[in-house]
């Protein structure tokens, strides 16, 4: 916002008290009188829907337990920047079927990319997300492959993507998840199964020695820090798109 000439107000979870100190619907109505847009990072997708349903200004999903669309938008731009296209490419996600995997599955299928997902049994993609992805794939010709074998998912992939094994709010499960995902580390052996010009991606922060091998972020195939830079630029583009569109802002 500052780079675009605007201003921002940060409200911490304790300060805003979504659904605790005050109902989310009331907060949405009040904030709509103060600001031109709301970026909300909530654990609950339902809370996000309540905010959007009662706000008169655009509401951006900055992260929820179901999706992380802002990161996916930046990731897709990074892929396009490096590959020059999106349709027909294969993106392999190795690890937890978390919010990041959900957003990438949906966006990849929407744009005609093939999506491979390798996760341990019991950490499967949500049925509602998979069904929506299949609907998109039917329209674009994308192929979805689900497997418990990370090496199978990585074979001939154009992009290998991973994320932390325990996301925010799952700290109590960290050790259990570390054991469950021990065979899902992205390393040179796994990358060697992909195409020769494969891109390696991670949304950060990364746990070196867990979901990625030590030093992988510095590998020539890694575009992780380009991802991080593009996150800034794509969020600016999103703000311009939303806040300069009369149909969205009502102005």
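Numbering (the working numbering), first residue to last: 82 to 332.
All residues carry an ideal CB built from backbone N, CA and C; glycine is no exception.
Keep in mind it's a predicted model, so treat the numbers as computed, not measured.
ask   = Apart from the five residues just before and just after residue 168, which ones in its own chain have a Cβ nearer than 7 Å to its Cβ?
value = 192, 193 and 194
message = When you measure from the CB of residue 308 to every non-hydrogen atom of the ligand GTP, does any distance come out below 7 Å?
response = Judged by which ligands are present, the structure shown has none, so any question about the ligand GTP falls away.
task = Could I get the ranges of all uninterrupted beta strand (DSSP E) runs contained in the region 106-190, with 3 residues as the minimum, in chain order?
result = DSSP runs (the beta strand (DSSP E)) wholly in the region 106-190: 119-122, 140-144 and 171-175.
query = Within the chosen definition, does the region 105-123 reach the region 136-154 through at least 3 CB pairs nearer than 8 Å?
reply = yes
task = Could you tell me if residue 111 is buried or exposed, where buried requires 16 or more neighbouring beta carbons within 10 angstroms of its beta carbon?
result = exposed
inquiry  = Measuring straight from C-alpha to C-alpha, what distance separates residue 331 and residue 269?
reply    = Low confidence applies to residue 331: its pLDDT is 45, below 50, so where it sits in the model is not reliable, and the reading given next is rough at best. Spanning the two alpha carbons is a distance of roughly 51 Å.
Selection from 150, 179 and 273 that minimises the alpha carbon distance to residue 208 = 179
request  = Within its chain, find whatever has a CB closer than 8 Å to the CB of residue 250; leave out the 5 residues flanking it on each side and keep chain order.
outcome  = 124 and 146
ask   = DSSP state of residue 91, grouped into three classes?
value = coil
key: Rounded C-alpha distance that separates residue 339 from residue 299   = Any answer about residue 339 is impossible in this case: the structure gives the chain only from 82 up to 332.
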